[in-house]
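Chains as they are written, first to last, in the working numbering: chain A, 7 to 194; chain B, 242 to 440.
Here the structure comes first, spelled out in structure tokens, and everything after it is commentary.
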Amino acid sequence: MVELDEEKHWLEHSRQGDHAAFENLIRNYQTMIHSLTYRMTGSLADADDLSQETFIRAFQQLASFRGDSKFSSWLCRVAVNACLNWRQRERRRAEVHEQWAGDNFSSPVPEEGGELLDENARNVQAALNRLPAKQRAAIILTVYEEMNHAEAARALGCSEATVSWRVFAARTKLKRWLKPADRGMPGR
Amino acid sequence: MNNSELDKILKAAKTPQQSTEFWNQFPRRVTSRLHWKSAAVQERAASRFPQLAWLLAGVAVCLLLGFFIGNWRGHHEATAENGLLQNEKVIKEMLAMFPNRVRAVVQDEHGLNVVLSDKDNMPVSTPLWIKVCDGKRCAAMVTFSGQDVHIGGRDITVLADAKGKIILASDKFLWSNGQALVGEGKLRIEAKTLAPVVL
Chain A
7 MVELDEEKHW LEHSRQGDHA AFENLIRNYQ TMIHSLTYRM TGSLADADDL SQETFIRAFQ
67 QLASFRGDSK FSSWLCRVAV NACLNWRQRE RRRAEVHEQW AGDNFSSPVP EEGGELLDEN
127 ARNVQAALNR LPAKQRAAII LTVYEEMNHA EAARALGCSE ATVSWRVFAA RTKLKRWLKP
187 ADRGMPGR
Chain B
242 MNNSELDKIL KAAKTPQQST EFWNQFPRRV TSRLHWKSAA VQERAASRFP QLAWLLAGVA
302 VCLLLGFFIG NWRGHHEATA ENGLLQNEKV IKEMLAMFPN RVRAVVQDEH GLNVVLSDKD
362 NMPVSTPLWI KVCDGKRCAA MVTFSGQDVH IGGRDITVLA DAKGKIILAS DKFLWSNGQA
422 LVGEGKLRIE AKTLAPVVL
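In structure tokens, the structure reads:
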């Protein structure tokens with residue numbers, strides 16, 4: 007993990023438009039953001055795009071980062087918002103495709119990189135994909151990014167109670183979908 | 242399944258890994274897009290500059306034209322109003338058309354109006370020209386001493402003496418030429434005696 011002083015130094019220079027300093031920040035958080043965007047989308051190609059999109063937005067919005075939370079938490083917030091917007095765009099795109107494709111339309115859940123994942127990883131991702139986007143975001147932030155509910159609430163721009171409810175609802179579904187008898191059939 | 246067992250399953254699920262080369266190039270790809278975006282923004286701003294300049298110039302020309310036309314019209318209307326009401330021939334024709342009935346000839350935003358008496362008992366006297374402005378609008382009239390008239394939204398009694406002193410009185414103000422207005426401070430009043438009309 008990057009030393010805080012070093013990170014502050016890079017942040018300061020990035021705010022002044024120094025792309026080289028910002029590249030250092032990207033290098034430190036790129037895999038974290040890529041994993042988050044992959045878990046949010048279930049698509050490697052979309053995760054690549056959304057990771058880039060996240061860092062571009064972060065650079066453009068650096069002035070709004072006041073340092074009252076960890077930079078990584080703020081970055082997660084930017085990434086989650088980018089993913090939620092992506093979901094909305096995808097839904098609109100899917101609706102248009104559905105109109106044209108009629109009965110032949112199939113669910114747009116890409117499986118790129120699937121050959122690299124074990125069965126558990128595929129099942130988990132399929133279960134995550136089935137969750138409503140906001141519940142998925144709540145689970146990803148609290149389980150994978152290990153944020154507490156207050157931090158996740160700040161990242162998602164909602165109340166702590168809402169996060170708690172979303173996490174509870176998501177856990178209930180995931181337990182049902184991932185219980186041993188159902189493993190291997192999460193997409194039902 | 243409890244929460245910790247679920248978390249264990251969730252955390253055990255790895256995400257697909259990109260190659261080392263991908264990650265080495267990733268920061269540069271992002272900053273290249275930043276360069277491209279900022280260049281595109283600058284280019285758009287640069288390409289918009291002549292359009293913006295033309296637009297601003299157009300707006301400035303329109304504003305100047307509007308100002309000059311408005312100024313010219315305002316001046317023109319004021320001159321016409323003064324000229325019309327102070328035109329002896331016009332007043333003479335009005336008085337001849339309605340003998341002993343004309344109480345006032347008013348010009349305001351509605352145009353020129355003649356205020357007539359019910360009976361033909363109006364004495365012939367020297368006409369008085371009065372103009373009342375309240376900051377928003379102006380109205381002018383020609384009337385005679387002793388008349389109660391409505392001008393500029395106010396009921397006013399007009400009085401004049403033999404020496405040419407004119408007094409305007411309402412329930413809210415008192416004005417006479419040569420003395421300060423008492424009452425409504427925002428009013429601007431002008432009044433003068435016109436030449437006697439010989440029918």
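Think of the CB as a built atom: it goes at the ideal place given N, C-alpha and C, for glycine as much as any other residue.
None of these values were measured; they are calculated from a predicted model.
Beta-carbon gap between residue i and residue j smaller than 9 Å
i, j, result
"A/Gln141", "A/Ala176", "yes"
"B/Arg395", "B/Lys413", "yes"
"B/Ala381", "B/Val347", "yes"
"B/Val189", "B/Ile371", "Shown here, chain B extends from 242 to 440; a query on residue 189 of chain B therefore has no answer."
"B/Val390", "B/Val356", "yes"
"A/Ala127", "B/Ala253", "yes"
"A/Ala51", "A/Arg21", "no"
"A/Ser41", "B/Thr256", "yes"
"B/Leu251", "A/Leu180", "yes"
"A/Ser75", "A/Glu13", "no"
"A/Leu10", "A/Cys82", "no"
Distance, residue j Cα to residue i Cα
i, j, result
"A/Leu31", "B/Asn244", "33 Å"
"B/Val373", "B/Thr384", "13 Å"
"A/Tyr35", "A/Arg172", "26 Å"
"B/Lys427", "B/Ala436", "30 Å"
"A/Asp55", "B/Thr261", "17 Å"
"B/Asn354", "B/Leu326", "11 Å"
"A/Glu166", "A/Ala159", "5 Å"
"A/Gln94", "A/Phe174", "23 Å"
"B/Gly424", "B/Asn418", "15 Å"
"B/Lys249", "A/Leu184", "12 Å"
"B/Glu350", "B/Gln292", "41 Å"
"B/Gln258", "B/Leu247", "23 Å"
"A/Asp24", "A/Val84", "20 Å"
"B/Leu422", "B/Ser411", "12 Å"
"B/Trp264", "A/Val149", "24 Å"
"B/Thr434", "B/Ile408", "12 Å"
Close-in-space but distant-in-sequence residues of the same chain around residue i (CB under 6 Å, 5 per side omitted)
i, result
"A/Trp16", "Ala27, Asn30 and Leu31"
"A/Tyr44", "Ala53"
"A/Leu137", "Ala176"
Sequence-distant residues of the same chain with beta carbon closer than 7 Å to residue i, five excluded per side
i, result
"A/Thr47", "Ala53, Leu56, Cys89 and Trp92"
"B/Ser386", "Ser366, Leu369, Val399, Leu400 and Ala401"
"B/Asp375", "Gly393, Lys427 and Leu428"
"B/Met335", "Val343, Val346 and Val355"
Own chain partners of residue i with C-beta closer than 8 Å, once the 5 adjacent residues on each side are dropped
i, result
"A/Ser170", "His155"
"A/Val86", "Leu42, Met46, Ala143, Ile146, Leu147, Ala161 and Leu162"
For the structure I just gave you, are there three or more beta carbon pairs, one from the segment 292 to 299 of chain B and one from the segment 46 to 60 of chain A, closer than 8 Å? no
Under 8 Å, with one C-beta from each stretch per pair, do the segment 140 to 154 of chain A and the segment 261 to 271 of chain B reach the 3-pair mark? no
Check whether the segment 402 to 410 of chain B and the segment 334 to 350 of chain B are in contact - that is, three or more C-beta pairs closer than 8 Å. no
In chain order, which continuous runs of the beta strand (DSSP E) of length 3 or greater are located wholly inside the segment 382 to 421 of chain B? 389 to 392, 395 to 401, 407 to 410 and 414 to 417
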